[in-house]
Amino acid sequence: MILFAADNHYGTHAGKNLFECLRPHHEIHFDEDDWRCLMEENLVENYDLLMFHLIGGTCDIPAPGPVAEQHVKEYLQAGKPMFLLHGSSAAFWQCAWWRAIVGFRWVRKDDPDGFTPSSHPIRPYLVEVAKSRHPLCQQLQDVAQPSDEIYINLEQSCPATTLMTTTIEEGTFPMAYETITSWGGKILSYLPGHAPAAVRQPSNVTNCRSIIEYLVTST
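Going by numbering that gives the first Met the number 0, the sequence shown opens with residue 0, and the numbers climb by one from there.
Encoded structure:
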């Protein structure tokens, strides 16, 4: 069973749109703008994978609280996998332990560590599979995205293996990457997917499905 928690992402409902594309293929419990699902005390036993499409404290929704934070941390400390979509490297951006483990992280304007904020130019762009021997790269595919947010200028907070990139006027940037926590679990981040058309793009959905299969079968 997969637990997928998302915010409404400024009215785009990006997480919900992706859930609708994934639900015929995967057993998923989905919640939007409601963090009670993260307050369950048995996340480790009940779920094979946690998925987030949320930035804590945005969209006029309070950030997940201390109880949710502790349960998510306990889940990760058990070596379980996590799938972070779009800006979800900032799901618990207020927490130092979280910022240190997510690989490349979306930096908000009031960043506790004082880094320059990340940015997201909006234009059509191509997401390309990296030249890597990582096994997941054999399952991913290039995605020609319509005009959408491109998350760039993230801060690298720990070692990460880049799986996909995009090259735009500003430079070449990671679009998908994997980190291994000190507890032995995998965190896979996939940045494309804001506007409905970009989320539902068939290659985008296929990549998300491939990432899910990789995470749930390699644990």
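For every residue, glycine included, the Cβ atom is placed at its ideal position computed from N, Cα and C. Bear in mind the structure is a predicted one, so any value in this text is a computation, not a measurement.
Worksheet item: Can you tell me the Cα-Cα spacing of V66 and I1, whole angstroms?
Response: Residue numbering aside, residue 66 sits at position 67 when the sequence shown is read from its first letter. Residue numbering aside, residue 1 sits at position 2 when the sequence shown is read from its first letter. Each residue's Cα considered, the two are about 20 Å apart.
Discussion item. If I measure Cβ to Cβ from D32 and keep anything under 6 Å in the same chain, skipping five residues before and after, which residues do I get?
Written reply: Taking the sequence shown and counting its residues from 1, one reaches residue 32 at position 33. Hits under 6 Å: D6, N7, I60.
Worksheet item: Assuming L42 contacts H70 under a Cβ cut-off of 8 Å, what Cβ separation, rounded to an integer in Å, is found between them?
Response: Along the sequence shown, one-based indexing puts residue 42 at 43. Along the sequence shown, one-based indexing puts residue 70 at 71. Indeed they touch by this definition, with Cβ atoms about 5 Å apart.
Worksheet entry | Which residues DSSP lists as bridging K72, in chain order | As a first step, residue 72 must be located in the sequence shown, where it is residue number 73. None; K72 has no bridge partner.
Worksheet item: Per DSSP, F29 is paired with what?
Response: For the purposes of this step, residue 29 is taken as residue 30 along the sequence shown, with counting starting at 1. For F29, which the question treats as bridged, DSSP gives the partners F3.
Worksheet entry | Straight-line gap, I211 to G183 (C-alpha atoms, nearest Å) | Position 212 of the sequence shown holds residue 211. Position 184 of the sequence shown holds residue 183. The alpha-carbon atoms of I211 and G183 are separated by roughly 18 Å.
Item to complete: With distances taken Cα to Cα, identify the nearest neighbour of M174 among S217, N45, S87.
Response: The residue you call residue 174 lines up with position 175 of the sequence shown. Scanning S217, N45, S87 for the CA closest to the CA of M174 turns up S87.
Item to complete: Report the rounded CA-to-CA distance for S117 versus V215, giving the unit in angstroms.
Response: As a working note, residue 117 is residue 118 in the sequence shown. As a working note, residue 215 is residue 216 in the sequence shown. Each residue's alpha carbon lies about 30 Å from the other.
Discussion item. Let me check one thing: in DSSP terms, what residues is E154 bridge-paired to?
Written reply: The residue given as residue 154 occupies position 155 in the sequence shown. For E154, which the question treats as bridged, DSSP gives the partners R104.
Discussion item. Using 8 Å for Cβ pairs, my map puts H28 next to C20. What's the rounded Cβ distance?
Written reply: Along the sequence shown, read from residue 1 onward, the residue named residue 28 stands at position 29. Along the sequence shown, read from residue 1 onward, the residue named residue 20 stands at position 21. Going by Cβ atoms, the distance from H28 to C20 rounds to 16 Å, so no, they are not a contact pair.
Worksheet item: What first and last residue would you give for the beta strand (DSSP E) that runs through L53?
Response: Locating residue 53 in the sequence shown gives position 54, counting from the first residue. L53 -> no beta strand (DSSP E), and no H or E assigned at all.
Practice prompt. Identify whether E169 lies in helix, strand or coil by the three-state DSSP scheme.
Written response: Sequence index remark: in the sequence shown, residue 169 carries index 170 (1-based). In the three-state DSSP reduction, E169 falls in the coil class, being neither helix nor strand.
Worksheet entry | Euclidean distance between Cα positions of W97 and A143 | Position 98 of the sequence shown, counted from the first residue, corresponds to residue 97. Position 144 of the sequence shown, counted from the first residue, corresponds to residue 143. Approximately 31 Å, taken between the alpha carbons.
Practice prompt. Specify the secondary structure class of Q144 as computed by DSSP and reduced to three states.
Written response: Against the sequence shown, residue 144 aligns to sequence position 145. If DSSP states are grouped into helix, strand and coil, Q144 belongs with the strands.
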